[in-house]
Amino acid sequence: MDRGGRNEKRRQGSFSRRLIKVWIFGVAIPLVLVEFLFLSQFYRINYREVEESITGNLNRVSRDMTDLMDNMKMLSWLMEADGTVGKNLVTYLEERDSAEKGNLLVYLREQIANYEVANPSVANLTYLYIPKGQEEPVKINQSSLVYAGLPAEEDFLCKWENIAFYGPHKSKSMAGEYECISLLRRYRTLKDYGEIYIYVESGFRYLDELDMGSMADMDSVLLMQSADGKIMYSSDEEVAAKGLDWQTGITEVQMAGERYQIYSREMKGDWQLHILVPTREHYRLVYRMALNLGLITLFVISFCLLISVLQWRNTYKAFNRFDEGLRAIAEDEDVESRVERMNIREFDEHFELFDKMKKNILRLLGKVQEEEKRRRELEVRVVLGKINPHFLYNTLDTLKWYAAGKQDREMTRFITALNRLLLYNMSRDDGTTLERELEAIGAYIVLQQLRYDIRFVVETGKHPEILQTVMPRFILQPVVENAIKHSGCNRGEIRIEVELLASGKISILVKNNGSPIDPEKIRQVLEQKQDVSANGIGLQYVARMLESFYGSEFVLQAERLEDGFNVVEIRIPFAAEAIVKETRGICPSRADTAL
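Quick note on numbering: the sequence shown equals residues 4 to 598 in our numbering.
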């Protein structure tokens with residue numbers, strides 16, 4: 004026996020382990036792998052996006068610098084010997100007439116001014132003249148705001164054909180100090196007069212306005228490396244100082260206690276642009292973007308895992324219930340019990356065969372157990388007669404949650420309404436409030452809507468405080484029931500209108516659009532002593548309860564309106580003192596005490 008029991012437990016445990024293995028290898032591990040693949044793919048995508056963003060910013064700076072230097076070259080060509088302005092310089096130097104020479108100088112100055120206005124990215128276009136036998140240059144166009152002087156050789160950046168670029172260096176402008184790129188171009192003719200140069204600078208604070216885009220938020224450093232391999236410009240000289248010899252071709256560097264990723268662009272003239280991005284900021288941006296997408300997929304996968312766990316539990320729980328039912332029958336504890344269905348067709352078909360076998364066994368045992376069964380039935384009847392109505396309420400409440408769990412909304416709504424009505428009717432108090440009476444009517448209408456197509460409307464008027472007035476219990480339901488049962492059709496409208504009259508009384512109108520009523524016949528019914536309603540609780544009951552509660556201070560009447568509605572009106576006093584007591588903590592009798 005013990006060995007057989009152990010084998011049975013082992014078989015039961017084996018099924019449990021198999022379900023766990025199916026869940027682990029068929030659900031959990033695949034979902035975790037999918038999450039890992041998603042995260043790795045997101046990482047690669049985000050890494051590529053960050054790289055493209057950095058490269059895009061570097062390309063933008065490179066394009067801006069190239070456009071600037073092309074613009075400076077174009078303006079210097081206009082000032083050359085065969086350019087628009089340059090041709091007049093030859094005339095100016097060869098002219099002997101002072102007046103004419105002055106006019107030519109004015110023309111040169113005006114043309115240069117026009118070029119500067121039309122090209123805000125450049126400034127300080129100047130002719131520098133070194134006469135023969137002298138070393139210091141002088142300005143031909145004295146209106147230029149730069150000091151006369153050639154750029155220092157230590158500021159050399161690169162060379163385009165016969166044009167030299169310098170900087171970034173301090174501007175020679177008298178208007179202020181700022182970093183600039185300068186161009187120096189030798190004038191090709193007039194060598195008999197000495198050396199003549201064309202000097203052009205970038206616009207006022209043009210370099211300060213270079214857009215680094217998102218790189219500015221990553222503590223990035225912009226470097227300009229000359230064709231000689233020296234750093235000519237650094238946006239953060241604590242990381243890389245100006246004049247530093249820079250090794251080209253490297254992609255990472257450790258500087259100032261920080262590791263940087265290097266992104267480079269080679270420019271025309273063999274000079275280079277570099278953007279140094281802190282490695283920590285680079286990966287912080289990558290991981291942040293991947294984390295945002297990863298959290299979404301993690302939530303979805305976690306939800307899938309949760310659903311799979313719940314499904315697994317439901318399946319295993321059904322097998323447990325099946326096992327318990329079989330054990331109960333095998334051990335002769337509950338032979339008449341029905342094994343719960345599993346909603347699995349193959350199993351349920353065998354359960355039906357099992358139930359048929361059980362019935363045959365019960366019929367064979369029936370003769371022997373007949374007397375015992377009768378005795379037990381008598382005992383059950385006695386017990387059922389003593390069951391507290393609260394047990395019925397609790398059972399209906401359990402059925403409500405069971406129906407809600409099965410997503411049977413109609414059954415849930417029906418049981419909830421039945422529960423409310425049962426709870427309201429089980430109260431031992433005679434009094435209630437108008438608000439709770441209307442709530443009970445709402446629950447009753449829900450039950451009736453299962454059979455009748457009823458539209459139910461409640462209008463409480465402009466004085467919500469009247470809903471707290473005290474009134475007898477179970478007054479409105481008989482009136483509403485009569486309106487439904489005697490309307491003459493299976494569909495219609497029930498309206499309850501509540502309003503505070505000028506006399507200080509509350510008017511409760513119960514309307515229905517069914518078959519016309521006879522007010523005279525209803526008056527005769529109210530005058531009868533015996534209740535003649537079909538269910539034993541009719542208008543006579545309502546009249547007696549109102550008379551017992553209010554004496555003669557009530558009205559109960561019925562009429563047929565011209566709009567086709569039957570109306571039963573109840574007028575009762577407005578018990579305002581009950582509201583005052585309730586606000587002070589002296590609550591009137593409650594009909595809906597929770598169980």
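Glycine included, each C-beta is placed from N, C-alpha and C at the ideal position.
Worksheet item: Based on the DSSP secondary-structure assignment, which residues constitute the bridge partners of I573?
Response: Translated into positions along the sequence shown, residue 573 becomes position 570. The partner list for I573 (beta bridge, DSSP) reads I511 and L559.
Practice prompt. From the DSSP output, in three-state form, read off N516 for me.
Written response: The residue given as residue 516 occupies position 513 in the sequence shown. If DSSP states are grouped into helix, strand and coil, N516 belongs with coil.
Worksheet item: My guess is that E530 and I478 are in contact by the Cβ rule of under 8 Å, so how many angstroms apart are they, rounded?
Response: Numbered from 1 along the sequence shown, position 527 holds the residue referred to as residue 530. Numbered from 1 along the sequence shown, position 475 holds the residue referred to as residue 478. E530 to I478, Cβ: 19 Å. No contact.
Practice prompt. In angstroms with no decimal places, state the Cα-to-Cα distance between S223 and L42.
Written response: The sequence position of residue 223 within the sequence shown is 220, counting from 1. The sequence position of residue 42 within the sequence shown is 39, counting from 1. Their backbone Cα atoms lie some 27 Å apart in a straight line.
Worksheet item: In or out: I575 buried (at least 16 other Cβ within 10 Å) or exposed?
Response: Translated into positions along the sequence shown, residue 575 becomes position 572. So I575 counts as buried.
Worksheet entry | Beta-ladder partner(s) of T129, from DSSP | Within the sequence shown, numbered from 1, the residue matching residue 129 stands at position 126. Under the DSSP definition of a beta bridge, T129 partners with Y202.
Discussion item. By DSSP's criteria, Y263 is part of a beta bridge. Which residues make up the other side?
Written reply: By 1-based counting over the sequence shown, the position of residue 263 is 260. Bridge partners of Y263: V256 and P281.
Discussion item. When you compare the CB positions of V570 and L564, do they come within less than 8 Å of one another, or not?
Written reply: Counted from its first residue, the sequence shown places residue 570 at position 567. Counted from its first residue, the sequence shown places residue 564 at position 561. Taking 8 Å as the Cβ cut-off, V570 and L564 qualify as a contacting pair.
Item to complete: Put K465 into one of helix, strand or coil per three-state DSSP.
Response: Stepping through the sequence shown from its first residue, residue 465 is reached at position 462. The answer is coil: DSSP assigns K465 none of H, G, I, E or B.
Discussion item. I believe Y95 touches L108 by the beta-carbon criterion, under 8 Å. Please report the beta-carbon distance rounded to the nearest angstrom.
Written reply: Numbered from its first residue, the sequence shown carries residue 95 at position 92. Numbered from its first residue, the sequence shown carries residue 108 at position 105. About 6 Å; that satisfies the 8 Å criterion.
Worksheet entry | contact_flag[the segment 279 to 289, the segment 67 to 82] where n(CB pairs < 8 Å) is 3 or more | Fewer than three beta-carbon pairs drawn from the segment 279 to 289 and the segment 67 to 82 are found closer than 8 Å, and the two stretches are therefore not classed as touching.
Fill in: Straight-line Cα distance separating V37 from I166
For the purposes of this step, residue 166 is taken as the residue at position 163 of the sequence shown. For the purposes of this step, residue 37 is taken as the residue at position 34 of the sequence shown. Spanning the two alpha carbons is a distance of roughly 60 Å.
Worksheet item: In the structure shown, what three-state DSSP assignment does P481 receive?
Response: As a position in the sequence shown, residue 481 is number 478, starting the count at 1. Looking at P481 - three-state DSSP - the assignment turns out to be helix.
Worksheet item: What distance in whole Å lies between the Cβ atoms of I265 and L279, which are believed to be in contact at a cut-off of 8 Å?
Response: Your numbering for residue 279 matches position 276 in the sequence shown. Your numbering for residue 265 matches position 262 in the sequence shown. Indeed they touch by this definition, with Cβ atoms about 6 Å apart.
Worksheet item: By how many angstroms is the C-alpha of Q543 removed from the C-alpha of S551?
Response: As a first step, residue 551 must be located in the sequence shown, where it is residue number 548. As a first step, residue 543 must be located in the sequence shown, where it is residue number 540. Taking the straight line joining both Cα atoms gives about 12 Å.
Item to complete: Assuming D158 and Y169 form a contact by the criterion Cβ under 8 Å, report the distance between their Cβ atoms to the nearest whole angstrom.
Response: Within the sequence shown, numbered from 1, the residue matching residue 158 stands at position 155. Within the sequence shown, numbered from 1, the residue matching residue 169 stands at position 166. Yes, D158 and Y169 are in contact; Cβ-Cβ is about 4 Å, under 8 Å.
Discussion item. Rounded to the nearest angstrom, what separates S547 and G369 at their Cα positions?
Written reply: Start at 1 with the first residue of the sequence shown, and residue 547 comes out as number 544. Start at 1 with the first residue of the sequence shown, and residue 369 comes out as number 366. In the sequence on display, residue 547 carries Arg and not Ser. Straight-line Cα distance between these residues: approximately 53 Å.
Item to complete: For the beta strand (DSSP E) containing Y169, list its first residue and its last residue.
Response: To locate residue 169, count along the sequence shown from 1; it is residue 166. I166 to K173 is the extent of the beta strand (DSSP E) around Y169.
Worksheet item: Using 8 Å as the threshold, is the segment 462 to 479 in touch with the segment 495 to 512, meaning 3 or more CB pairs across them?
Response: At 8 Å Cβ cutoff, the stretches touch.
Item to complete: Locate the alpha helix (DSSP H) running through R494, then write down its first and last residues.
Response: The sequence position of residue 494 within the sequence shown is 491, counting from 1. Not the alpha helix (DSSP H): R494 falls in the beta strand (DSSP E), residues R494 to L503.
Worksheet item: Where do the ends of the alpha helix (DSSP H) carrying R189 lie?
Response: Walking along the sequence shown from the start, residue 189 turns up at place 186. Taken as a continuous stretch (DSSP letters only), R189 belongs to no alpha helix (DSSP H), being part of the beta strand (DSSP E) at E182 to R189.
Worksheet item: Between M360 and E352, what straight-line distance do the alpha-carbon atoms span, to the nearest angstrom?
Response: Locating residue 360 in the sequence shown gives position 357, counting from the first residue. Locating residue 352 in the sequence shown gives position 349, counting from the first residue. Distance between the alpha carbons of M360 and E352 is about 13 Å.
Worksheet item: Residues in its own chain within less than 8 Å of Y110 by CB, not counting five upstream and five downstream?
Response: The residue labelled residue 110 in the question sits at position 107 within the sequence shown. The beta carbon of Y110 sits closer than 8 Å to the beta carbons of N91 from its chain, once the five residues preceding and following it are set aside; these are given in chain order.
Discussion item. Would I520 and A561 qualify as a contact pair, given that the criterion is a beta-carbon distance under 8 Å?
Written reply: Taking the sequence shown and counting its residues from 1, the one referred to as residue 520 is at position 517. Taking the sequence shown and counting its residues from 1, the one referred to as residue 561 is at position 558. Yes, Cβ-Cβ distance for I520 and A561 is below 8 Å.
Item to complete: Leaving aside the five residues before and after N62 along the sequence, list all residues of the same chain whose C-beta is less than 8 Å from its C-beta, in chain order.
Response: For the purposes of this step, residue 62 is identified with residue 59 of the sequence shown, where counting begins at 1. Answer for N62: R268, listed in chain order.
Worksheet item: What whole-angstrom Cβ distance do L213 and D70 have, given they're in contact under 8 Å?
Response: To locate residue 213, count along the sequence shown from 1; it is residue 210. To locate residue 70, count along the sequence shown from 1; it is residue 67. The pair is not a contact, with the Cβ atoms about 11 Å apart (cut-off 8 Å).
Worksheet item: Taking the DSSP output, what are the residues bridged to T436?
Response: By 1-based counting over the sequence shown, the position of residue 436 is 433. In the DSSP output, where bridge partners are listed per residue, T436 has V473.
Worksheet item: Which residue or residues does DSSP assign as beta-bridge partners of M227?
Response: One-based indexing of the sequence shown puts residue 227 at position 224. Beta-bridge annotation (DSSP): M227 is paired with Y236 and L276.
Item to complete: Provide the residue span of the alpha helix (DSSP H) that contains W163, from first to last.
Response: As a working mapping, residue 163 is identified with position 160 in the sequence shown. W163 -> not in any alpha helix (DSSP H); beta strand (DSSP E) instead, spanning F159 to W163.
Worksheet item: Does the Cβ of M227 have 16 or more other Cβ atoms within 10 Å, making it buried, or fewer, making it exposed?
Response: One-based indexing of the sequence shown puts residue 227 at position 224. Looking at its Cβ environment, which holds 16 or more other Cβ atoms inside 10 Å, M227 is buried.
Item to complete: Kindly identify the DSSP beta-bridge partner or partners of E241.
Response: Along the sequence shown, one-based indexing puts residue 241 at 238. E241 is not bridged to any residue.
Worksheet item: Taking the Cβ atom as the reference point for each residue, do V203 and L128 lie within a distance shorter than 8 Å?
Response: As a first step, residue 203 is located in the sequence shown; it is residue number 200 there, counting from the start. As a first step, residue 128 is located in the sequence shown; it is residue number 125 there, counting from the start. A contact, by the Cβ cut-off of 8 Å.
Discussion item. Taking its Cβ as the centre, do 16 or more other Cβ atoms sit within 10 Å of R208, making it buried, or is it exposed?
Written reply: Counted from its first residue, the sequence shown places residue 208 at position 205. Classification for R208: exposed.
Discussion item. In this structure, how does DSSP classify S176 when only helix, strand and coil are distinguished?
Written reply: Position 173 of the sequence shown, counted from the first residue, corresponds to residue 176. In the three-state DSSP reduction, S176 falls in the strand class (E or B).
Worksheet item: Among K465, N516 and V473, which residue has its Cα nearest to the Cα of V483?
Response: As a working note, residue 483 is residue 480 in the sequence shown. Comparing Cα-Cα distances from V483 to each of K465, N516 and V473, the minimum goes to N516.
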